[in-house]
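So the structure is just underneath, and the comments pick up after that.
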Amino acid sequence: MIEAVIVDDERLARKDLRAVLQQFPFITITGEASNVAEALQLIERTLPQLIFLDIEMPEANGFTLLEQLKTVPEVIFTTAYDAYAIKAFEVNALDYLLKPVTSKRLAESLERLQEVTKPAVQQTAQYPELREKIFVKDGERCWFIPLGDIRLLESTGSYTRICFGKHAPLLARSLQAMESRLNPQYFFRASRKHIVNLEHVQHIIALNQYMLQLELTDGTKIPVSRRQSILFRELRGI
Amino acid sequence: MNMRYRYWIYQIVGWLSFTYLYNNIRTDGFAFRLDVFIDGEFYGAILSGIFYTHLLHLYLRKQNLARYRFGSLFLKLWFSVLLTSLGITATFLTYEIIIAGGWNKFMVSMDAARTFTSRTTTFMVIMGIIWLVWHLIVWAWVIIYFSLLQSRFKRMALEAENRLKQAELDTLKSKLNPHFLFNALTSIRSLIAENPLRAQEAVGELAEVLRSAMLVEHQQQISFAKELEVVQHYLAIEKIRFEERLQVQYEIDPAAYEQSMPPMLLQTLVENAIKHGISQKAAGGDIRIKTQMENKHYYIHVENTGKIAEDTLQNGFGITGTIKRLALLYGDKATFSIRNTGQHTVHATVKLPRV
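Going down the list, the sequences are from chains A and B.
Residues in the first sequence are numbered from 1 upward in steps of one, following my numbering.
Residues in the second sequence are numbered from 239 upward in steps of one, following my numbering.
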């Protein structure tokens with residue numbers, strides 16, 4: 001059983017999708033929203049595993065919604081036009097459906113989805129798990145990034161650069177804001193400017209008596225501030 | 239060579255040679271005299287010829303002659319030729335009167351040529367003959383003028399036709415808007431399950447809109463009433479999609495119904511009001527269609543909730559084709575404007591001549 005919500009500004013479009021979804025009993029629609037503000041509330045309240053998301057909506061589009069979510073569930077975009085935006089997905093490209101949605105095409109989408117969907121999110125956990133994703137849109141390109149793939153978060157003023165794989169898009173959020181959402185068990189605040197995913201640390205080098213340097217899997221060297229070095233040693237018992 | 243220089247060279251050379259030859263026609267035969275070149279009268283005659291035919295040239299240039307049929311074109315030309323030669327005749331007369339030293343003295347000279355009972359009749363007949371002769375000369379000028387400009391006129395006519403076709407095409411393109419068709423079809427699809435009767439109606443409405451879009455090709459003008467009907471069908475289809483987010487109000491002066499307008503003009507404005515206004519707002523909004531009658535003009539207003547960006551205004555708001563067509567059909571008798579009024583209203587106005 002997969003719990004899903006539908007986000008679309010047109011009532012008839014939502015109704016249409018609901019009607020087609022009746023052929024797939026393993027999908028339960030737990031709610032509908034007609035705009036981004038409504039959708040945010042709905043998703044935070046019901047924590048669905050899947051969102052059917054319209055991209056073109058007045059005032060704030062589907063991408064804006066995803067950017068505002070702390071972590072994003074699986075997303076199937078529904079769009080009236082073969083929008084340029086969908087082609088922007090290069091990494092972790094999720095599926096999209098062209099409206100009007102046909103049951104054949106929907107069946108293909110849902111099949112693909114079942115391969116990737118995991119059990120419902122643990123609501124009790126304080127921090128999202130590493131396999132959960134965040135949505136990042138940098139210019140024309142979009143990514144769904146599993147938290148575990150992130151090596152490094154680097155502050156550039158009010159923006160945060162997120163380094164994963166071969167990419168390093170900018171996210172319009174401060175490093176502080178990101179830190180509060182990340183599990184400190186994995187994500188370590190190395191300095192004022194950097195948060196490092198400890199899973200991606202290859203070597204720990206002692207620069208001197210006080211300061212450490214972390215070398216990441218891609219070879220990047222991140223100096224750890226004096227204070228954080230002490231904390232790191234305490235936590236890791238080195 | 240530049241068309242403009244060529245015109246002046248032809249004018250000067252033409253009038254110079256004509257006046258020279260004319261001056262040398264004598265009862266005792268032809269003489270190539272050179273003393274006319276120091277005569278002021280000679281240059282005065284040339285200047286007056288150039289002046290009046292230049293006026294004629296300016297007038298002809300302003301007219302879109304390709305537009306007229308042969309009959310009305312001929313009458314138009316004849317009338318302007320008569321006026322031009324009258325001007326030349328009047329100038330000569332004035333000159334003669336001044337030379338003679340006043341009207342009375344001039345009229346005395348009429349006695350010498352007297353063949354009729356009264357001086358006045360003689361004067362009228364002589365002037366009439368002079369006018370007639372000049373009228374023939376100006377006709378000759380017109381024939382030369384057109385034969386020299388023929389290729390240019392042909393090109394201009396073709397260009398004008400081309401522009402009109404292009405504008406029609408632009409309008410047509412914006413008309414058979416695939417987005418609208420697409421949205422209409424998906425709306426109707428969803429409606430089939432919910433309200434089959436309404437869906438059936440909607441298909442009829444869509445057919446009406448498409449029918450009138452096809453007619454644009456063949457019609458330059460339709461009645462406002464007909465256009466409004468199409469717009470109402472169109473809005474009925476959009477209402478399926480937007481539901482209570484779209485509210486429409488009409489304030490139509492009954493006198494407006496019989497007025498004529500280019501087809502799909504109001505339709506384009508309403509489409510834009512939806513595309514740039516209503517569909518951009520989560521809460522939707524209103525569209526108000528109004529008419530306003532004046533003595534020689536009438537106005538069509540389309541107001542909608544929303545705000546248009548400055549660059550959208552400058553880029554023609556997607557109705558470039560319509561504006562071009564307005565200019566070609568009505569010249570400066572029709573105008574179009576669009577602006578933000580207040581924070582949340584966009585106001586488009588078309589001024590059209592009354593029929």
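A virtual CB, placed ideally from N, CA and C, is assigned to each residue, including glycine.
Below 8 Å on the Cβ atoms is my contact criterion, and I expect A:Pro-58 with B:Ser-461 to pass it. Report the Cβ-Cβ distance as a whole number of Å. For the purposes of this step, residue 58 of chain A is taken as residue 58 along the first sequence, with counting starting at 1. For the purposes of this step, residue 461 of chain B is taken as residue 223 along the second sequence, with counting starting at 1. With a contact defined as Cβ atoms closer than 8 Å, A:Pro-58 and B:Ser-461 miss out at about 35 Å.
Cβ of B:Lys-519 within 8 Å of any chain A Cβ: For the purposes of this step, residue 519 of chain B is taken as residue 281 along the second sequence, with counting starting at 1. For B:Lys-519, at least one C-beta of chain A is nearer than 8 Å to its own C-beta.
Look at the alpha carbon of A:Pro-184 and the alpha carbon of A:Met-178, and state the distance between them as a whole number of angstroms. Translated into positions along the first sequence, residue 184 of chain A becomes position 184. Translated into positions along the first sequence, residue 178 of chain A becomes position 178. The straight-line gap from Cα to Cα measures roughly 11 Å.
Go through the region 322-381 of chain B residue by residue and report every complete run of the alpha helix (DSSP H) that reaches 4 residues or more, in order. Correct list: 341-350.
Across the region 517-531 of chain B and the region 429-438 of chain B, are there enough close Cβ pairs to call them in contact, namely three or more that are closer than 8 Å? Output reads no: the region 429-438 of chain B does not touch the region 517-531 of chain B.
Proximity winner among B:Thr-587, B:Gln-404, B:Leu-473 and B:Arg-592, relative to B:Glu-496 (alpha-carbon distances): Along the second sequence, read from residue 1 onward, the residue named residue 496 of chain B stands at position 258. Checking every option, the nearest Cα to that of B:Glu-496 belongs to B:Arg-592.
Starting from A:Ala-80, find everything on chain B with Cβ-Cβ shorter than 8 Å and list it in chain order. Numbered from its first residue, the first sequence carries residue 80 of chain A at position 80. Within chain B, the residues Phe-420, Asn-421 and Thr-424 have their CB atoms less than 8 Å from the CB of A:Ala-80, given in chain order.
Output yes if chain B places a C-beta closer than 8 Å to the C-beta of A:Leu-12; else output no. Translated into positions along the first sequence, residue 12 of chain A becomes position 12. For A:Leu-12, the answer is yes, since a Cβ of chain B falls inside 8 Å of its Cβ.
For the region 15-45 of chain A, list every residue whose C-beta sits within 7 Å of some C-beta in chain B, in sequence order. Look at the region 15-45 of chain A: the residues with a C-beta under 7 Å from a C-beta of chain B are Lys-15, Asp-16, Ala-19 and Asn-35.
Name the two residues that bound the continuous beta strand (DSSP E) containing A:Ser-191. Translated into positions along the first sequence, residue 191 of chain A becomes position 191. For A:Ser-191, there is no enclosing beta strand (DSSP E), as DSSP marks it with neither H nor E.
Just to confirm my understanding: we take B:Tyr-306, look at its own chain, exclude 5 residues before and 5 after, and list those with CB closer than 8 Å. What are they? Residue mapping note: residue 306 of chain B aligns to position 68 of the second sequence, counting from 1. Leaving aside the five residues that flank B:Tyr-306 on each side, the residues in its chain whose CB is nearer than 8 Å to its CB run, in chain order, Lys-314.
In three-state terms, what does DSSP make of B:Gly-252? Residue 252 of chain B sits at position 14 when you count from the first residue of the second sequence. The answer is helix: DSSP assigns B:Gly-252 an H, G or I state.
Indicate the three-state DSSP secondary structure (helix, strand or coil) for A:Leu-66 in the structure shown. Locating residue 66 of chain A in the first sequence gives position 66, counting from the first residue. Helix, per DSSP.
Same chain, Cβ closer than 8 Å to B:Met-348, five either side skipped, listed in chain order: Residue 348 of chain B sits at position 110 when you count from the first residue of the second sequence. Arg-357, Thr-360, Phe-361 and Ile-364.
Closest Cβ-Cβ distance between A:Glu-234 and chain B: below 8 Å? Mapped onto the first sequence, residue 234 of chain A falls at position 234. Answer no: the Cβ-Cβ gap between A:Glu-234 and chain B never drops below 8 Å.
Consult DSSP for A:Asn-35 and reduce its assignment to one of helix, strand or coil. Walking along the first sequence from the start, residue 35 of chain A turns up at place 35. Correct three-state label for A:Asn-35: coil.
Beta-carbon contacts of A:Arg-173 that lie in its chain and below 6 Å, excluding the five residues immediately before and after: Residue mapping note: residue 173 of chain A aligns to position 173 of the first sequence, counting from 1. Non-local C-beta neighbours of A:Arg-173 in its own chain, meaning closer than 6 Å and more than five positions away in sequence, comprise Thr-160, ordered along the chain.
Please go through the same chain and pick out, in chain order, the residues whose beta-carbon is closer than 6 Å to the beta-carbon of A:Ala-33, but skip the five residues on each side of it. Taking the first sequence and counting its residues from 1, one reaches residue 33 of chain A at position 33. So the list reads Val-7, Ala-39 and Leu-42, once near-sequence residues are dropped.
In chain order, what residues of the same chain have a beta carbon less than 8 Å from the beta carbon of A:Glu-116, not counting five sequence neighbours either side? Locating residue 116 of chain A in the first sequence gives position 116, counting from the first residue. Looking at the sequence provided, one finds Val at residue 116 of chain A rather than Glu. Only residues of its own chain outside the window of five on either side were considered, and among them Glu-74 have a CB closer than 8 Å to the CB of A:Val-116, listed in chain order.
Could you run through the region 52-69 of chain A and flag, in chain order, every residue whose CB is less than 7 Å away from some CB of chain B? Taking 7 Å as the Cβ-Cβ cut-off, the region 52-69 of chain A approaches chain B at Pro-58 and Glu-59, given in chain order.
Against chain A, with Cβ distances strictly below 8 Å, would B:Leu-484 count as a contact? The sequence position of residue 484 of chain B within the second sequence is 246, counting from 1. No - not a single Cβ of chain A is within 8 Å of the one on B:Leu-484.
Take A:Ala-168 as the anchor and find which of A:Val-136, A:Leu-106, A:His-203 and A:Lys-70 has the nearest alpha-carbon. The residue given as residue 168 of chain A occupies position 168 in the first sequence. Across the set A:Val-136, A:Leu-106, A:His-203 and A:Lys-70, the C-alpha of A:Val-136 shows the shortest separation from the C-alpha of A:Ala-168.
Could you work out which residues of chain A lie near B:Arg-479, taking near to mean beta carbons separated by less than 8 Å? The residue labelled residue 479 of chain B in the question sits at position 241 within the second sequence. Residues of chain A passing the Cβ test: Glu-10 and Leu-12.
Cβ neighbours of B:Thr-291 in the same chain (closer than 6 Å, five flanking residues each side left out): The residue you call residue 291 of chain B lines up with position 53 of the second sequence. Taking C-beta separations shorter than 6 Å and ignoring five residues to either side along the sequence, the partners of B:Thr-291 in its chain run Trp-379, following chain order.
What is the DSSP secondary structure of A:Arg-14, counted as helix, strand or coil? In the first sequence, residue 14 of chain A corresponds to position 14, counting from 1. DSSP, reduced to helix, strand and coil, places A:Arg-14 within a helical segment of the structure shown.
Any idea what DSSP makes of B:Ile-284, helix, strand or coil? Position 46 of the second sequence, counted from the first residue, corresponds to residue 284 of chain B. Assigned with DSSP and collapsed to three states, B:Ile-284 falls in helix.
A:Lys-99 versus chain B: which residues are under 8 Å apart at the beta carbon? Working through the first sequence from its first residue, we reach residue 99 of chain A at position 99. Near A:Lys-99 (Cβ distances below 8 Å), the residues of chain B are Thr-424.
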